[in-house]
Amino acid sequence: MSSLLIIADDLTGANDAGVQFAKKGFCTISLLRTEKIDKQNVADVVVINAETRSLSAEQAFQKIKNISEYLTIYSFPHVYKKIDSTLRGNIGIEIDALLDSNLFDIAIVLPAYPKNGRVTVGGYHIVNGCLLEDSEIAKDPKCPVETSHIPTLIGSQSSRKISHLDINQIRKNEIVEHIHRSLQRNEKIIVCDGFLQSDLITVTNAVGKSGLKVLWVGSAGLAESFAETFEQKPSCIQGKLNRKTKETFSVLTIAGSVSAITRGQIQSLASQDRVQIVAAEPLNLVNHELREKEMKQMVEEIIDVLKKGYAPVLTTNDSEEIRQQLQKWNGKNGMEIGNMIALSLGQIAASVLDDCEVSGLILTGGDIAYRTFEQLGVESLQIVDEAEEGIPFCEILDGTLKGLPVVTKAGAFGNPHSLVNAMNKMNDLS
C-alpha cells in the first residue's frame, strides 16, 4: 500500500518532487495518466501528473476535483500537492478542489526551494535574488506571474481565507499555535515563509506532530524536507538504472524551453565532443502549411546525427526576432503557441525513435517531456535517482521503450553544466 500521493501540475515538477523520496530509498512511480492509479499497490510513493498548468482555471479545478475522488477509494495516508517553485499555474483553485473533498483540516503552502534559489520572506517569493515579479519567469509566455506576494497570488485564485506564517514565527517554533489561531478564524490556507532548508524541516516536523489532517502544498524543496521527516519506512526495493542494451548508442536531448537557463545549458552541451545541435524553426512549427515539412527535415537531420555516432540536441531557434514574431503569430496566445511547439517536438522525437535506437532521453521543460512521452505511448516511469539536485533520473516502465533511461529537467532548473552532467551520467550507465 502506498504511503504518499503527489499530485503535480506538470511532468518535470511531478518528477522533481518524486525524486526527493526515491533518493531516500522509497519506490516511487510517476504516472502520466491518472487512470493508471491502480499501480499504487506496487510503490511507496505514487506521483500523478495532472497536466493542469496550461489549462484554464475551470478546467484545472474540474481535473483536480476528479483526482480527489480517488482519495476516497484509495487510502493514502499523506497527500502532497506539488506546485511550481516559481508559482506558475492554477495554484489557488487546485487547492480549493482538494479542500472541497473535506479530507483535510488545512493546507500548508510552502513553495520555497532554497537549494535552487527560491526563498520566501514576509510572504514575498524571491527567485535567484530577485522578486519573482522581476524575474524572467514572471514573463513566461504561457503562464506569466504578476505578483511576488504569495497570499495575494493565491487569494486571487482561491475562495478561501488565507493566513501567513512568517519566518520569525517559524524560527521561534510558534507554528502549531499560529495554525490553531488561523483555524479559529476559518483560515484554511496557511502560506509559510522559508529561507533555509532547515526552516522547511522545522515546519514539516511541527505540523507533522500536530495531529491535523494536512494537505501539503509545495515545490521539491518542501518535498525534500517531508521525505526527511517521513515516518514510513521503504517497503519496496528501489530500482537501479542499467543500460537497456549491451550496445552503446547516443543520447537524444530535446531542449525546447524558452528560459535563459536552458539556453545557457544548451550552449555548454554544444561545446562537448560528439554533440550536435539541431535547431527547428518555431515559426514553421506553428504554421500549418510548413509544419510537416519542418518536422520531416528535423527527423532526417537527427537520424543523420545518430548514424554518425553523435548525440543530437533538438532545440528551437530562439532569437529575439523569432520570439517577437511568435507573439504576433496569427492571433494565437503564448499558451497555444507553446503547446503547438511542444507537440511538434514530441512528434519529431517519436518519429526518430521509430527508426533509431538511443541509449537514453534528456527532456527539458514539462510540456515537452509530457508531449514526448504521449507520442511515444509511455504511461509510467520509475523515478530512481538524480542527475543532480532537483533533476530526476527515471526509467520507462511500459511500452516499446520499457527500460530506457530518461532525465526530465524543469526549464528554469540547474546550473550551466546541468545538461552536460545529465548526459555524462547517462553515458556512464553500465
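Residue 60 in the working numbering is what sits at position 65 of the sequence shown, and the numbering runs on without skipping anything.
Using N, Cα and C, we set each Cβ at its ideal position, and we do this for glycine too.
Kindly indicate the opening and closing residues of the beta strand (DSSP E) around N44.
-> By one-based count along the sequence shown, residue 44 stands at place 49. Taken as a continuous stretch (DSSP letters only), the beta strand (DSSP E) holding N44 covers V40 to N44.
Run the CB neighbour count on E53, radius 10 Å, all protein chains shown included, and call it buried at 16 or more, exposed below.
-> The count along the sequence shown starts at 1 and reaches residue 53 at position 58. The residue in question, E53, is exposed, as its Cβ has fewer than 16 Cβ neighbours within 10 Å.
Measure the alpha-carbon distance for G398 versus S354 and round it to whole angstroms.
-> The residue labelled residue 398 in the question sits at position 403 within the sequence shown. The residue labelled residue 354 in the question sits at position 359 within the sequence shown. About 10 Å.
Closest by CA to Y305, which one among E284, L278, Q267 and Q320?
-> Position 310 of the sequence shown holds residue 305. With distances taken between Cα atoms, Y305 lies closest to Q267.
Of the residues A222, I59, S70 and D161, the one placed nearest Q15, counting alpha carbons only | Start at 1 with the first residue of the sequence shown, and residue 15 comes out as number 20. With distances taken between Cα atoms, Q15 lies closest to A222.
Same chain, Cβ closer than 6 Å to N312, neighbours up to 5 away in sequence not counted | Locating residue 312 in the sequence shown gives position 317, where the first residue counts as 1. A274 and E276, listed in sequence order.
Output the boundary residues of the beta strand (DSSP E) element that contains A274.
-> Position 279 of the sequence shown, counted from the first residue, corresponds to residue 274. Here the beta strand (DSSP E) through A274 covers V270 to A275.
In angstroms, rounded to a whole number, what distance separates the CA positions of Q57 and I184?
-> For the purposes of this step, residue 57 is taken as the residue at position 62 of the sequence shown. For the purposes of this step, residue 184 is taken as the residue at position 189 of the sequence shown. Looking at the two C-alpha atoms, the distance is approximately 20 Å.
Residues in its own chain within less than 7 Å of C351 by CB, not counting five upstream and five downstream?
-> Counting from one through the sequence shown, the residue named residue 351 turns up at place 356. Cβ neighbours of C351 beyond the five flanking positions: I298 and L301.
Contact check, A45 vs I2 under 8 Å by CB: the rounded distance?
-> On the sequence shown, residue 45 is found 50 positions in, with the first residue counted as 1. On the sequence shown, residue 2 is found 7 positions in, with the first residue counted as 1. Rounded, the Cβ-Cβ distance is 6 Å, consistent with contact.
Nearest CA to the CA of S51: which residue from I317, T67, G118 and G84?
-> Along the sequence shown, read from residue 1 onward, the residue named residue 51 stands at position 56. The shortest C-alpha separation from S51 is found at G84.
Check whether the Cβ atoms of K156 and E182 sit closer than 8 Å, and answer yes or no.
-> Walking along the sequence shown from the start, residue 156 turns up at place 161. Walking along the sequence shown from the start, residue 182 turns up at place 187. Yes, the pair counts as a contact, with Cβ atoms nearer than the cut-off.
So what does DSSP say about Y75, is it helix, strand or coil?
-> Counting from one through the sequence shown, the residue named residue 75 turns up at place 80. The answer is strand: DSSP assigns Y75 an E or B state.
Would you list the one or two residues that DSSP bridges to P400?
-> Taking the sequence shown and counting its residues from 1, one reaches residue 400 at position 405. For P400, which the question treats as bridged, DSSP gives the partners E390.
L210 classed as buried or exposed, judged by whether at least 16 other C-beta atoms fall within 10 angstroms = Taking the first residue of the sequence shown as position 1, residue 210 is located at position 215. Label assigned to L210: buried.
Identify whether K420 lies in helix, strand or coil by the three-state DSSP scheme.
-> Locating residue 420 in the sequence shown gives position 425, counting from the first residue. Three-state DSSP puts K420 in a helix.
So S413 and I386 are in contact, right, with Cβ under 8 Å, and what is the actual spacing, rounded?
-> In the sequence shown, counting from the first residue as 1, residue 413 sits at position 418. In the sequence shown, counting from the first residue as 1, residue 386 sits at position 391. That pair is a contact at about 6 Å.
Which value, in whole angstroms, describes the spacing of the CA atoms of T243 and N422?
-> Within the sequence shown, numbered from 1, the residue matching residue 243 stands at position 248. Within the sequence shown, numbered from 1, the residue matching residue 422 stands at position 427. Cα-Cα distance, rounded: 8 Å.
Quick one: what does DSSP say L294 is sitting in, helix, strand or coil?
-> Counting from 1 along the sequence shown, the entry for residue 294 is found at position 299. Residue 294 is actually Val in this sequence, not Leu. Three-state DSSP puts V294 in a helix.
Element boundaries [alpha helix (DSSP H), containing V202] = Here residue 202 refers to the residue found at position 207 when the sequence shown is read from its first residue. It spans Q192 to G203 - the alpha helix (DSSP H) in which V202 sits, taken as one unbroken run.
Local conformation of Q377 per DSSP, three classes = Here residue 377 is taken as the residue at index 382 of the sequence shown, counted from 1. Of the three classes helix, strand and coil, the one that applies to Q377 here is strand, per DSSP.
When DSSP labels each residue in this structure, what does I428 get in the three-state scheme?
-> Any property of residue 428 remains undetermined from this structure, which presents the chain solely from -4 to 425.
Applying the criterion that 16 or more other CB atoms from any shown protein chain within 10 Å of the CB defines a buried residue, is T359 buried or exposed?
-> Position 364 of the sequence shown, counted from the first residue, corresponds to residue 359. That one is buried.
Any 3 or more C-beta pairs closer than 8 Å across the region 55 to 72 and the region 131 to 138 = no
Does any residue of chain C bring its CB to less than 8 Å from the CB of I78?
-> No chain C is present in this structure, which holds just one protein chain.
Go ahead and pull the three-state DSSP assignment for K156.
-> The residue you call residue 156 lines up with position 161 of the sequence shown. In this structure, K156 counts as strand in the three-state DSSP scheme.
Among S151, S153, L0 and S177, nearest to L160 - alpha-carbon criterion | Here residue 160 refers to the residue found at position 165 of the sequence shown. When each option's Cα is compared against that of L160, the closest is S177.
Check whether G409 and Q260 have beta carbons under 8 Å apart = Here the question's residue 409 lines up with position 414 in the sequence shown. Here the question's residue 260 lines up with position 265 in the sequence shown. Yes. Within cutoff.
In terms of DSSP beta bridges, what is I1 paired with?
-> On the sequence shown, residue 1 is found 6 positions in, with the first residue counted as 1. According to DSSP, which records beta bridges pairwise, I1 is partnered with V42 and Y75.
Is the distance from the Cβ of S339 to the Cβ of S214 below 8 Å?
-> Translated into the one-based positions of the sequence shown, residue 339 becomes position 344. Translated into the one-based positions of the sequence shown, residue 214 becomes position 219. It is not a contact, given that the beta carbons lie outside the stated cut-off.
Could you work out which residue in K204, G112, E219 and A55 is closest to K19 when comparing CA atoms only?
-> Reading the sequence shown from its first residue, position 24 is the one you call residue 19. Selected option, being the one with the closest Cα: E219.
First and last residue of the uninterrupted beta strand (DSSP E) at C25 | Locating residue 25 in the sequence shown gives position 30, counting from the first residue. Residue identity check: residue 25 is Ser in the sequence provided, not Cys. Its beta strand (DSSP E) spans residues T23 to L26.
Would you tell me roughly how many angstroms separate the C-alpha atoms of N168 and I162, rounded to the nearest one?
-> Mapped onto the sequence shown, residue 168 falls at position 173. Mapped onto the sequence shown, residue 162 falls at position 167. Each residue's Cα considered, the two are about 10 Å apart.
Where does G372 sit, in a helix, a strand or coil, going by DSSP?
-> As a working note, residue 372 is residue 377 in the sequence shown. Residue state, collapsed to three classes: coil.
In its own chain, which residues sit with a C-beta less than 7 Å from the C-beta of I462, not counting the 5 before and 5 after it?
-> The chain is shown only over -4 to 425; residue 462 falls outside these bounds and no answer can be derived.
For Q82, collect the residues of the same chain with a Cβ closer than 8 Å to its Cβ; drop the 5 residues on either side in sequence, then sort them by chain order.
-> Counting from one through the sequence shown, the residue named residue 82 turns up at place 87. Inspection of the sequence shows that residue 82 is occupied by Leu rather than by Gln. Hits under 8 Å: P106, H120, L127, V140, I145 and L148.
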